[in-house]
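2 protein chains.
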Amino acid sequence: MSIDQASLGSVEVSLTPQQRFEEYLQSRGLRHTDQRRYLVDLVFSRHEHFDADMLIDNLPRKGKPGYVSPATVYRTLKEFVDAGLLNSFQLDGRTVFEHDYGYPQHDHLYCTQCRKLVEFQSDALTELRDAVGAEHGFRVFEHRLIINGMCSDCVKSRRRTKRKQDLV
Amino acid sequence: MSIDQASLGSVEVSLTPQQRFEEYLQSRGLRHTDQRRYLVDLVFSRHEHFDADMLIDNLPRKGKPGYVSPATVYRTLKEFVDAGLLNSFQLDGRTVFEHDYGYPQHDHLYCTQCRKLVEFQSDALTELRDAVGAEHGFRVFEHRLIINGMCSDCVKSRRRTKRKQDLV
DNA sequence: TTGTATGCAAATAATTTGCACCAAA
DNA sequence: TTTGGTGCAAATTATTTGCATACAA
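Residue numbers (numbering that gives the first Met the number 0), protein chains in the order written: chain A, 0 to 167; chain B, 0 to 167.
Right, dumping it as structure tokens:
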């Protein structure tokens, strides 16, 4: 799965993710540990969707400096979501995380062929969602939209493949 | 989780789910067994969202007539989706199934308080989705939208609750 | 000090799969 | 007959949790 780096620009924020998280921890009487510091840095070093497993794979191995146990990774990802640093959603059965802090609200186009995720923003969608909510007496908090299809690259390569097959 | 019975009406279909499934099975050289017949009937006896576990719980116990093993239930649910009888999506980590055959395309409002699912239809959404797809060079197949919020009942009861708390 | 956080390993939960046996077509 | 289907139990996968120890405040 891949995503263009910061394809939607960013949102003005006064604190770095690290500072923001520290603030969150202090406000709750939680502790700022090396593991948490390390994971904030790693997670915000690239604007990319990832799951717990990918994150664990990118960590130093047991014994090396910077190692964080899987259990702690899972626990910390939850903290990040609570703290508003990350968002998560389900994709093909996996829990996928993405940056929330400092990044605008958006939805996704998903290529079911190459599994590429493309972000997009639509104010019309937000309006539509609020209208639907109002119509049904809902107080709307948020929504999740995923559009499944085939990206232009895959449409092209599939066409090529088809032609080849047609020649047989 | 609950849902109004057939809240969106239905779509014209010439075959019953049972007949439609039989057609599907024949076209693929698969077999129409008692278990499959039994599950089609059970699944289409109520227009309600459900997961594998709920279905298994509603089956006769081991030894009783009509018993179907969990493994077969899981295998059969997949067949139903392949056959176009059911749709599935993720909700709170569970795989939720709903009727597809004979039922119009729709999306959901989800009350995060009482876990009620409400269906709604929006042509504007389909148009918006196609426009977004086109903008990004995607060939769109389908989409999945869930609007999270609080239904009117829960908004009311929460207000009541708040007042009670305020009195303390 | 005092209460959190972490690592490890065991426990869960939801499916999936291997296999021997059963049964549609 | 032949090939797909089913039940059962074991295997998977993704997490979560209990617990003893380590550490931030």
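Built from N, CA and C at the ideal position, the CB exists for glycine as well.
Integer Cβ distance of residue i from residue j, believed to fall under 8 Å
i: B:Met-149; j: B:Thr-125; result: 26 Å between Cβ atoms; not a contact.
i: B:Leu-108; j: B:Asp-99; result: In fact, because the Cβ distance is near 19 Å, the residues do not count as touching under 8 Å.
i: B:Val-42; j: B:Phe-88; result: Incorrect: roughly 16 Å between the Cβ atoms, too far for contact.
i: B:Ser-9; j: B:Gly-101; result: 5 Å
C-alpha gap between residue i and residue j, whole angstroms
i: B:Gly-132; j: B:Arg-143; result: 14 Å
i: A:His-48; j: A:Ser-156; result: 24 Å
i: A:Asp-40; j: A:Leu-58; result: 12 Å
i: B:Val-12; j: B:Gln-18; result: 11 Å
i: B:Leu-38; j: B:Val-72; result: 8 Å
i: A:Leu-90; j: B:Asp-91; result: 13 Å
i: B:Ser-1; j: B:Met-53; result: Unreliable positioning characterises B:Ser-1 in this predicted model, as indicated by a pLDDT of 47, which lies under 50. The coordinate reading is nonetheless provided below. So the two alpha carbons sit approximately 13 Å from each other.
i: A:Asp-122; j: B:Glu-134; result: 15 Å
i: A:Cys-113; j: B:Thr-32; result: 37 Å
i: A:Ala-82; j: B:Phe-137; result: 34 Å
i: B:Arg-45; j: A:Thr-94; result: 31 Å
i: B:His-105; j: B:Leu-116; result: 12 Å
i: A:Arg-128; j: A:Arg-74; result: 32 Å
i: A:Lys-61; j: A:Glu-141; result: 39 Å
i: B:Val-67; j: B:Thr-15; result: 22 Å
i: B:Leu-24; j: A:Ser-151; result: 34 Å
i: A:Arg-30; j: A:Glu-22; result: 10 Å
i: A:Lys-173; j: A:Gly-28; result: Here chain A comprises residues numbered 0 to 167, so residue 173 of chain A is not present and cannot be evaluated.
i: A:Arg-158; j: B:Arg-158; result: 57 Å
Residue from the options whose Cα sits closest to the Cα of residue i
i: A:Ile-146; options: B:Cys-153, B:Asp-152, B:Ala-130 and B:Arg-158; result: B:Ala-130
i: A:Val-139; options: B:Pro-16, B:Ala-70 and B:Cys-153; result: B:Cys-153
i: B:Pro-69; options: B:Arg-93, B:Asp-56 and B:Asp-122; result: B:Asp-56
i: B:Pro-103; options: B:Gln-120, B:Gly-136 and B:Phe-96; result: B:Gln-120
i: B:Leu-76; options: B:Lys-63, B:Phe-20, B:Leu-7 and B:Gly-28; result: B:Phe-20
i: A:Gly-65; options: A:Asp-106, A:Arg-35, A:Glu-118 and A:Leu-116; result: A:Arg-35
i: A:Phe-96; options: A:Leu-116, A:Asp-50 and A:Tyr-23; result: A:Asp-50
i: B:Leu-7; options: B:Pro-16, B:Leu-24 and B:Glu-118; result: B:Glu-118
Chain-ordered chain B contacts of residue i [CB-CB under 8 Å]
i: A:Leu-54; result: Going along chain B, no residue has its Cβ under 8 Å from A:Leu-54, so there is no contact; the nearest lies around 19 Å.
i: A:Ser-121; result: Leu-127 and Val-131
i: A:Gln-89; result: Gln-89 and Gly-92
The ligand GTP heavy atom lying under 7 Å from the CB of residue i
i: A:Val-139; result: For the ligand GTP, the structure offers nothing, since it holds no ligand at all.
Under 7 Å by beta carbon: chain B residues contacting residue i
i: A:Val-154; result: Arg-138
i: A:Leu-124; result: Leu-127
Got a sec: which bits of the stretch 128-150 of chain B sit with their beta carbon under 8 Å from any beta carbon on chain A, in order along the chain? Arg-128, Val-131, Gly-132, Glu-134, His-135, Gly-136, Phe-137, Arg-138, Val-139, Phe-140, Glu-141, His-142, Arg-143, Leu-144, Ile-145, Ile-146, Asn-147, Gly-148, Met-149 and Cys-150
In chain order, what residues of the stretch 108-120 of chain B put their CB closer than 8 Å to some CB of chain A? Leu-108, Cys-110, Thr-111, Val-117 and Phe-119
When Cβ atoms are compared, which residues of the stretch 64-87 of chain A fall closer than 9 Å to chain B? none
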